[in-house]
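Below is one structure, written out as structure tokens; the observations come after it.
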Amino acid sequence: MPIFSLKVNSKSEEVNVDSGTTLLWVLREHLGLMGTKYGCGVGQCGSCTIHINGNPMRACALPVEAVSEGQSITTIEGLSKKGDHPLQKAWVEHQVPQCGYCQSGQIMQAAALLEKNNNPTREEILNHMNGNLCRCGTYMRIFNAIESASKEI
Amino acid sequence: MKNYQDNSTSVSRRNFLKVSGGFTIGITVVGLVPQLTSCTEDGEDTREMVAKELNAWVHLREDGQIMIYSPASEMGQGSKTALPVILAEELDADWSDVMVKTSPIDPEIYGNAGFGRSGRKIMMNVGSRTVKGYFDSLRQAGAQTRYILLHSVSKTWEVPIEELSTEPSLVVHQKSGKKIPYGDIVEILDIPETIPEFSIDQLKNPEDFRLIWNESIGRVDVPEKTTGEAVFAIDVKVPGMVYGVIERGKVHGASPNLINEAEIRTQDGLIDLVALDYGIGVVANTLEKALEIKQQLNIDWNTDVLAAKHSSQEALESYSKLNQHDETRDLIEKGNVKQAMAKAAKVYSAEYKNDYVYHAQMEPLNAIASISEDQNSIEIWAGTQGPGFVAGAVANALGLEPENVKLNLCYLGGGLGRRSLHDYVIEAAQLSKAVSKPVKLIWTREDDLRYGMYRPMSLQQMKAAIDSEGNITALSHVITGDGSNLLASGAANEFYAIPNQEVKLNIVKNGVRLKHWRAVGHGPNKFAIESFIDQIANDQGVNPLEMRRKLMANFPRALKTLEKTAEMANWDTPPRPGRARGIAFGERSGALCTGICEISLDRDSGKIKVHHFWSAVDGGTIIQPDNAKAQMEGGILMGISSVLSEQLTVEKGEIQQSNFHDYQLMRMADIPESLEIELIPSNDKPQGMGEASTPIVAGAIANAFLALTGKTLNHLPFSPERVKKVLDS
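The listed protein sequences correspond, in order, to chains A and B.
Our numbering applies: residue 119 is where the first sequence begins, and numbers increase by one.
Our numbering applies: residue 8 is where the second sequence begins, and numbers increase by one.
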């Protein structure tokens with residue numbers, strides 16, 4: 119099996135896996151970063167959203183070999199040092215999560231938006247977040263939390 | 008707080024640890040309170056750290072920390088927090104001193120007595136019954152724990168116990184002005200000979216509640232759900248763990264014959280293949296390998312099963328013409344419907360239908376099982392709504408003793424009814440036993456959807472009699488479909504004064520796996536009832552709000568939700584052109600709510616847009632108001648999702664959808680501009696909040712559509728395609 123070198127949350131990691139293994143399984147089952155979730159495996163739900171060089175990507179749809187050396191992978195574990203990213207604080211303030219399973223992906227998706235646009239309109243937020251499903255129906259609070267976090271950034 | 012001298016019953020000290028108030032109470036000095044949650048990667052069990060007899064609800068530490076066990080499975084409904092809040096309220100604890108831990112799995116001690124019938128205590132979180140079922144006993148436990156603290160202080164200070172009172176986490180002696188923090192009582196703890204059983208009027212006056220009805224108490228699980236640290240079963244890793252997946256048939260119940268077994272067995276990384284009655288298990292070194300091999304299985308499926316004959320849309324069309332059913336039941340017979348129909352000034356009839364819907368909880372089913380070397384015991388990590396039933400289910404399947412099955416309860420990435428059955432846990436156990444290794448079993452999303460257990464499709468045939476004054480004098484409701492009692496809930500109209508009512512159930516077996524889905528039969532039944540009322544009101548030229556006012560006149564709790572919601576929605580002021588409002592009432596698990604939505608319609612595409620939703624709910628005493636609102640909001644959005652887009656269909660037994668591209672859930676772009684919830688103030692017993700709002704959505708949208716277009720939507724979901732058809736008809 120080939121060895122892949124990855125940069126995850128500013129740390130260099132080596133994994134020994136078959137080519138074609140998705141980044142999702144590499145992060146979760148090989149590197150033990152469990153905050154990134156498996157929801158659909160086909161890029162339809164956004165539970166596995168991570169950042170690659172700051173862009174939101176679906177880890178379930180990326181074979182490990184597509185993430186070449188030097189690309190910077192950020193997972194929910196690496197979003198902030200103490201869980202105190204403005205979005206994470208807003209998520210608590212607005213009591214967003216219910217079951218919580220999709221929320222890492224939601225936060226990572228939202229963080230990528232605020233990184234580029236710290237004053238998004240309603241339409242921009244809704245469009246940007248449209249690929250992330252939440253079965254518990256926390257969308258209203260996700261929206262409100264993003265709006266209030268955008269004021270903190 | 009009332010005086011506790013006139014207690015009618017008491018129990019001896021010898022037994023109090025186990026039976027006081029039906030609960031175990033222990034106040035123990037714990038030098039080291041275990042910081043592990045019950046779903047831990049190393050599987051350390053808190054029960055081993057605390058002596059069995061002290062296994063209890065409350066542990067008080069010298070530094071003042073109050074650890075309270077919560078027996079709730081946490082699936083997003085918030086009960087993990089709500090239950091300790093109830094206890095802490097009577098204990099008069101300062102909430103900032105409280106640490107919540109998931110309780111051990113021991114129904115005799117931690118079970119919910121609120122399931123009626125048998126009175127047996129069980130650990131099962133279904134039907135929105137957790138908070139309402141534990142409310143009385145946790146208040147009792149809190150009050151008794153507080154009594155022990157007062158008793159201890161009274162002995163040490165040599166003052167009568169009646170002279171002591173409490174402030175948050177403090178015992179106070181008013182006369183002398185002395186105060187002692189709860190934590191300091193650990194050193195002087197003196198467990199009394201008898202612990203009184205407190206009557207309701209000896210418990211805290213609801214006026215004095217500090218924690219219950221307090222908007223500012225957040226859920227204990229929220230912070231770790233924003234950092235990725237919350238542990239769901241799928242996140243658990245145990246040493247030596249391997250991975251299992253199962254290939255199941257496209258037709259429920261079909262049995263497999265693996266054709267290329269020899270070839271498959273040559274694969275590197277494969278540990279074993281495990282034949283099940285309905286599938287082939289693949290256990291491999293890695294998850295990716297297990298999934299890869301699963302794809303390569305060449306299976307000949309024996310589909311000589313009932314489901315193979317079932318095509319859902321044809322079957323649903325046939326229901327109204329069936330003369331024979333597998334079984335017929337009379338669910339409700341009140342008054343004389345036949346007579347009232349005969350005397351009616353006008354008789355109305357209408358039919359409503361609903362397709363199958365799928366749970367789609369975001370965490371696909373999974374479990375970890377680790378069998379012991381001697382194969383006599385097994386340890387499980389799972390998210391389940393029924394933690395008290397796992398040991399029995401697994402023991403039964405594997406031929407073990409239930410006491411040799413240990414469950415580590417994890418967070419549930421959604422339950423919605425699906426995680427109240429333990430098929431996925433048993434499968435993990437079977438795979439672990441087969442390979443004698445710890446196995447993490449994962450259902451892919453496709454497995455979860457195709458081999459799901461759905462809310463049944465059904466036909467609802469409604470008939471009503473109206474007298475010359477426009478009163479509904481009789482209502483007949485005939486439900487046809489598979490799923491027995493899954494179809495029955497919500498058909499009764501307890502809050503409408505209709506003197507003659509009947510509900511009949513015609514059962515037609517289809518062989519498709521079915522299960523409770525948030526609010527169960529209430530979804531389809533309330534859709535039919537509420538839509539039918541508006542059709543009658545529309546024909547009679549009566550405002551739908553007026554029609555319901557009249558029906559609810561004698562039911563003040565229900566009426567209040569109606570009036571409040573109408574006020575919130577500004578019902579009397581018409582919406583802007585191109586929009587319309589619809590109203591519906593519902594009840595579920597004791598909570599009553601009215602919903603009003605405002606919609607518009609894209610007539611070219613048939614797409615309905617919900618702009619606003621208002622709902623006032625009477626859920627009795629609300630433990631956590633913000634969370635109750637969150638449950639209402641989530642229930643409404645899940646309702647909109649199911650009503651406008653979710654549809655699962657079956658062709659010759661094969662489920663036609665496979666993942667979220669063709670089973671479409673509501674997405675963020677479709678959220679309403681506003682969703683307003685009002686909680687009706689109440690000191691009545693708490694009611695179930697988790698499912699209250701979902702059933703009102705279909706009726707509210709259908710009724711808004713009727714107001715907007717004059718046409719009726721009678722088949723769930725109201726997909727754009729279906730709406731177009733109705734518009735063109």
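C-beta: ideal position from N, C-alpha, C; glycine also.
8 Å Cβ cutoff met for residue i and residue j
i	j	result
A:Ile260	A:Gln213	no
B:Leu407	B:Thr391	no
B:Thr601	B:Asn690	no
B:Leu713	B:Gln542	yes
B:Arg136	B:Gly121	yes
B:Asp228	B:Lys87	yes
A:Leu244	A:Ser268	no
B:Leu90	B:Pro78	yes
A:Met258	B:Glu653	no
A:Gly201	B:Ala237	no
B:His259	B:Tyr458	yes
B:Leu599	B:Ala565	yes
B:Lys522	B:Arg674	no
7 Å Cβ shell around residue i - same chain, five flanking residues per side excluded
i	result
B:Ile224	Val92, Trp102, Leu218, Gln631
B:Gln303	Ile271
A:Gly138	Pro181
B:Pro702	Gly497, Ala526, His529, Gly530, Lys533, Gly593, Arg595
A:Thr192	Asn127, Ile168, His169
B:Ala347	Ala472, Thr480, Ala481, Asn507
B:Thr47	Confidence is the limiting factor: at B:Thr47 the pLDDT is only 40, short of 50, which leaves the residue's position unreliable, though a coordinate-based value still follows. The residues are Asn415.
B:Gly28	With a pLDDT of 35 at B:Gly28, under the threshold of 50, the modelled position of that residue is not reliable, and the figure given next carries that caveat. Excluding sequence neighbours, B:Gly28 sits near Ser144, Gln147, Ala148, Gln151, Glu204.
A:Ala229	Leu197, His203, Leu205
Counterpart residues of residue i in DSSP-defined beta bridges
i	result
A:Pro181	A:Thr140
B:Gly288	B:Ile253, B:Val281
A:His169	A:Pro174, A:Thr192
B:Phe620	B:Cys604, B:Leu682
B:Trp388	B:Ile375, B:Asn415
B:Trp308	B:Pro263
B:Ser596	Looking at the DSSP assignment, B:Ser596 forms no beta bridge with any residue, so it has no partner.
B:Gly488	B:Ser465, B:Ile514
B:Met74	B:His66, B:Met106
Spatially closest choice to residue i from the options, by CA coordinates
i	options	result
A:Pro181	A:Ile264, A:Thr140, A:Ser266, A:Asn250	A:Thr140
B:Asp455	B:Asp381, B:Ser427, B:Gln382, B:Tyr365	B:Tyr365
B:Asn373	B:Ile339, B:His332, B:Tyr418	B:Tyr418
B:Glu370	B:Gln382, B:Gly422, B:Ala591, B:Ser325	B:Gly422
B:Leu710	B:Pro679, B:Gln437, B:Asn550	Looking at the sequence shown, residue 710 of chain B is not Leu but Asn. B:Asn710 has its Cα closest to that of B:Asn550, out of B:Pro679, B:Gln437, B:Asn550.
B:Tyr189	B:Ser110, B:Tyr154, B:Pro167, B:Lys128	B:Tyr154
B:Lys444	B:Ile387, B:Val249, B:Tyr503	B:Val249
B:Asp633	A:Lys199, A:Gln216, A:Leu151	A:Gln216
B:Gly488	B:Ala504, B:Asn500, B:Asn513, B:Gly477	B:Asn513
B:Ile300	B:Leu265, B:Lys128, B:Leu672	B:Leu265
B:Ile202	B:Leu171, B:Ser622, B:Leu157, B:Ser183	B:Leu157
B:Asn517	B:Glu476, B:Asn361, B:Ala314	B:Ala314
B:Trp388	B:Ser318, B:Glu434, B:Thr234	B:Glu434
B:Met74	B:Val704, B:Met106, B:Ile378, B:Ala100	B:Met106
B:Glu501	B:Leu493, B:Val510, B:Leu494	B:Val510
A:Ile194	A:Met119, A:Arg146, A:Ala179, A:Ser266	A:Arg146
Neighbourhood of residue i by C-beta, 8 Å cutoff - its chain only, sequence neighbours within 5 removed
i	result
B:Asp474	Lys350, Ala351, Ala352, Thr480
B:Arg586	Glu605, Ile606, Ser607, His618, Leu715
B:Gln12	Here the model assigns B:Gln12 a pLDDT of 28, short of 50, so the residue's position is not dependable, and the following value carries that caveat. Within the same chain, B:Gln12 has close Cβ partners Glu169.
Beta-carbon proximity list for residue i, same chain, < 6 Å, skipping 5 on both sides
i	result
B:Gln84	Gly697
B:Lys186	Leu177, Val179
B:Asp191	none
B:Arg336	Leu512
Contacts that residue i makes with chain C (C-beta to C-beta distance below 7 Å)
i	result
A:Thr139	Protein chains A and B are contained in the structure displayed, whereas chain C is not.
Got a sec: which bits of the segment 204-226 of chain B sit with their beta carbon under 7 Å from any beta carbon on chain A, in order along the chain?
Cβ contacts with chain A: Gly225, Arg226.
Determine which residues of the segment 565-599 of chain B have a Cβ less than 9 Å from any Cβ of chain A, and write them out in chain order.
none
Taking Cβ-Cβ distances below 9 Å as the criterion, which residues of the segment 248-269 of chain A are in contact with chain B?
Asn248, Gly249, Asn250, Leu251, Cys252, Arg253, Cys254, Gly255, Thr256, Tyr257, Met258, Arg259, Ile260, Phe261
For the segment 237-265 of chain B, which residues have a CB atom closer than 9 Å to at least one CB atom of chain A, in sequence order?
Ala237, Val238, Phe239, Ile241, Asp242, Val243, Lys244, Tyr250
Interface residues of the segment 204-218 of chain A facing chain B [CB-CB below 7 Å]:
Gln206, Trp209, Val210, Gln213, Pro215, Gln216, Cys217, Gly218
With 8 Å as the limit, tell me which residues of the segment 156-173 of chain A have their beta carbon closer than that to any beta carbon of chain B; keep them in chain order.
Tyr156, Gly157, Cys158, Gly159, Val160, Gln162, Cys163, Ser165
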